[in-house]
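Enquirer:
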Amino acid sequence: AQSVTQLGSHVSVSEGALVLLRCNYSSSVPPYLFWYVQYPNQGLQLLLKYTSAATLVKGINGFEAEFKKSETSFHLTKPSAHMSDAAEYFCAVTNTDKLIFGTGTRLQVFP
Amino acid sequence: NAGVMQNPRHLVRRRGQEARLRCSPMKGHSHVYWYRQLPEEGLKFMVYLQKENIIDESGMPKERFSAEFPKEGPSILRIQQVVRGDSAAYFCASSAGQRSTDTQYFGPGTRLTVL
Chain W
1 AQSVTQLGSH
11 VSVSEGALVL
21 LRCNYSSSVP
31 PYLFWYVQYP
41 NQGLQLLLKY
51 TSAATLVKGI
61 NGFEAEFKKS
71 ETSFHLTKPS
81 AHMSDAAEYF
91 CAVTNTDKLI
101 FGTGTRLQVF
111 P
Chain D
1 NAGVMQNPRH
11 LVRRRGQEAR
21 LRCSPMKGHS
31 HVYWYRQLPE
41 EGLKFMVYLQ
51 KENIIDESGM
61 PKERFSAEFP
71 KEGPSILRIQ
81 QVVRGDSAAY
91 FCASSAGQRS
101 TDTQYFGPGT
111 RLTVL
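Those protein sequences? They're chains W and D, same order as listed.
Take the first sequence: its letter number 81 is residue 81 in our numbering, and every next letter is one higher.
Take the second sequence: its letter number 68 is residue 68 in our numbering, and every next letter is one higher.
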């Protein structure tokens, strides 16, 4: 069975600071991994996905994530936070038809 | 190119009533997924459909819930005799193919409130 654990339900950073959102996965087969962002009262928007090509994946809005098999991790980073990054972020894993989501991390950005 | 559309965006029902949630996939997409998001939780898979077929319903509650994706028209998620525990946001996603690497594009969701 596959699962995803997101460490830290809330993360707060100052504008301009590094953003690090953690995601660890469990999968008995090679996984495909995704990060989605959800703004208040909206649907999910894909930030980036790992599909077994390059281990460092670049996404939209300056975000990137690195697949580390030895650590079973897929942490999301952004060098410099912007106020508009405040949202909820979900990590997801799959190797079938359904996405398995983590419980989400709410990112707050302070001026 | 219109994205995934869901309606209504907000739905209020009293206990015992029926709720019908509609999802129109992106143009050219024939694969539809339904997910449920309970307050303060992540999304949970419910069902995966292709035109006129249910492919995977492993996440659907055994009673009161049903889904369809007819040859013509939107996909429908139907909840009969709603209870307060059904209050949640229901999201539809669509994809162009069924491979694990095919991106699922999400709609804005329907927020169901059961009084």
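Note that the Cβ used here is the ideal one computed from N, Cα and C, for glycine as well.
As the structure is a computational prediction, the values presented were derived from the model and not from experiment.
(1) At the level of alpha carbons, what is the spacing between R13/D and F106/D?
(2) Please name the residue in R9/D, L43/D and G3/D whose C-alpha comes closest to that of M26/D.
(3) What residues from chain W crowd round E41/D, counting only those whose CB sits closer than 7 Å?
(4) Any contact of the region 6-21 of chain D with the region 95-110 of chain W, i.e. 3+ C-beta pairs under 8 Å?
(5) What span of residues does the beta strand (DSSP E) with R106/W cover, start to end?
(6) Quick one: grab the DSSP three-state call for D97/W.
(7) For G42/D, count neighbouring Cβ atoms within 10 angstroms of its own Cβ and tell me buried if that reaches 16, exposed if not.
(8) Is the region 53-69 of chain W touching the region 30-41 of chain D, taking contact as three or more C-beta pairs under 8 Å?
(9) Find the residues of chain W that neighbour I55/D, judging by a C-beta separation of less than 8 Å, and give them in chain order.
(10) Measure the C-alpha to C-alpha separation of Y39/W and A86/W and round it to an integer number of angstroms.
(11) Rounded to whole angstroms, what's the CA-CA distance from E63/D to L49/D? Just pull it up for me.
(12) Could you tell me how far apart the beta carbons of Y36/W and L44/W are, in whole angstroms, since I believe they sit closer than 8 Å?
Expert: According to the data block:
(1) For the purposes of this step, residue 13/D is taken as the residue at position 13 of the second sequence. For the purposes of this step, residue 106/D is taken as the residue at position 106 of the second sequence. Cα to Cα, the separation comes out at about 24 Å.
(2) Within the second sequence, residue 26/D is the residue found at index 26, counting from 1. When each option's Cα is compared against that of M26/D, the closest is G3/D.
(3) Numbered from 1 along the second sequence, position 41 holds the residue referred to as residue 41/D. Neighbours of E41/D on chain W, chain order: T103.
(4) No, the region 6-21 of chain D does not touch the region 95-110 of chain W.
(5) The residue you call residue 106/W lines up with position 106 of the first sequence. Residues T105 to F110.
(6) Taking the first residue of the first sequence as 1, we reach residue 97/W at position 97. Three-state DSSP puts D97/W in coil, outside helix and strand.
(7) By one-based count along the second sequence, residue 42/D stands at place 42. Answer is buried; the Cβ neighbour count reaches 16.
(8) no
(9) Translated into the one-based positions of the second sequence, residue 55/D becomes position 55. By Cβ distance, chain W contributes D97.
(10) Within the first sequence, residue 39/W is the residue found at index 39, counting from 1. Within the first sequence, residue 86/W is the residue found at index 86, counting from 1. Their Cα atoms are separated by approximately 8 Å.
(11) Here residue 63/D refers to the residue found at position 63 when the second sequence is read from its first residue. Here residue 49/D refers to the residue found at position 49 when the second sequence is read from its first residue. Spanning the two alpha carbons is a distance of roughly 18 Å.
(12) Counted from its first residue, the first sequence places residue 36/W at position 36. Counted from its first residue, the first sequence places residue 44/W at position 44. About 4 Å; that satisfies the 8 Å criterion.
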